[in-house]
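Here's the structure we're looking at; comments come further down.
In the numbering used here, the protein residues as written are 3 to 314.
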């Protein structure tokens, strides 16, 4: 793969994209690049003021951008359902879903509106429910893609079915790693299910490496080992949020992207650089775990992909 960059994004005119967590950081840079390539982009987030500001920033860069904002809180299944209903009333199909939003290593265990551990609920379960609810619209597109944001942290993750919600014990990075492993497993299993059911979806995943965003500051905060490590590593090992969005954009738009694949930066142990195929740990490829996680997730969020596929 050559050093792929924003200049390699193919024309996206006529395509409709949804980017979660798009009011800042990686999500904003992803939405900005897609809008610049001509796609119609729906930004989602929890803060309406930030959504309005993000639209203004994108339009200042690309005055002809077709862009809008919709409120979506991945930590609330009611919010996910309400967004899907509104979106379905406005659009008949969806070409690209980028499941980007997330929180990282919250020092104290918190729960979502539905009682899930916050990282597992926001990073993974909310996106599982969102993807299921948007499945009929994705299936009406000619070549739909779904991109899940994972992380280098998936390498140390495990799906602990006896403690999915961190109720037995809670460790911030353990919970984060589990949620990002779940996102990678979800991407791969979604492709398996799409192939088996004839859904026609290309599902893959990406990670940003070490991108300079507010993820750490908004998670563990400016204290602790993660913050200290970031201060030491940042000058050597990090790249900008715009550069961190490149693997996502490659997975979302490149004709060379493959199904059930995983992309990340190719330099400095996948921490920075242009996009390239990324290392997938064996636990992300366990089909039995993936099938069990799929069924557990469907029960937790109360949405069936099979039923939504029939609705399409």
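Glycine included, each C-beta is placed from N, C-alpha and C at the ideal position. Since the structure is predicted, the reported quantities are computational estimates derived from the model, not experimental observations.
Spatial neighbours of residue i in its chain, beta-carbon cut-off 7 angstroms, leaving aside the 5 residues before and after
i           : result
residue 199 : 311
residue 29  : 21, 22, 23, 102 and 103
residue 96  : 18, 20, 136, 139, 140, 143 and 146
residue 90  : 139
Expected contact under 8 angstroms - CB spacing of residue i and residue j to nearest Å
i           : j           : result
residue 272 : residue 154 : 6 angstroms
residue 111 : residue 168 : 6 angstroms
residue 163 : residue 303 : Residue 163 to residue 303, Cβ: 16 angstroms. No contact.
6 angstroms CB neighbourhood of residue i in its chain, flanking five on each side removed
i           : result
residue 181 : 121, 122, 125 and 126
residue 212 : 239, 240 and 273
residue 8   : 35
residue 292 : 187 and 191
Span of the alpha helix (DSSP H), counted from its first residue to its last, around residue i
i           : result
residue 79  : 79-92
residue 178 : 174-199
residue 130 : 128-141
residue 52  : 50-63
residue 205 : No alpha helix (DSSP H) holds residue 205; the beta strand (DSSP E) holding it covers 204-208.
residue 255 : 248-255
residue 312 : 307-313
residue 295 : 289-303
Residues that residue i bridges to, as DSSP identifies them
i           : result
residue 13  : None, per the DSSP bridge assignment.
residue 42  : 18 and 68
residue 101 : 150
residue 274 : 269
residue 158 : According to DSSP, residue 158 bridges with nothing at all.
residue 119 : 113
residue 167 : DSSP output for residue 167 lists no bridge partner at all.
CB of residue i within 7 angstroms of CB of residue j, strictly
i           : j           : result
residue 189 : residue 165 : no
residue 78  : residue 134 : no
residue 64  : residue 38  : yes
residue 40  : residue 13  : yes
residue 156 : residue 183 : yes
residue 244 : residue 42  : no
residue 264 : residue 277 : no
residue 131 : residue 82  : yes
residue 174 : residue 76  : no
Spatial neighbours of residue i in its chain, beta-carbon cut-off 8 angstroms, leaving aside the 5 residues before and after
i          : result
residue 33 : 19, 21, 24, 43, 45, 56, 60 and 69
residue 92 : none
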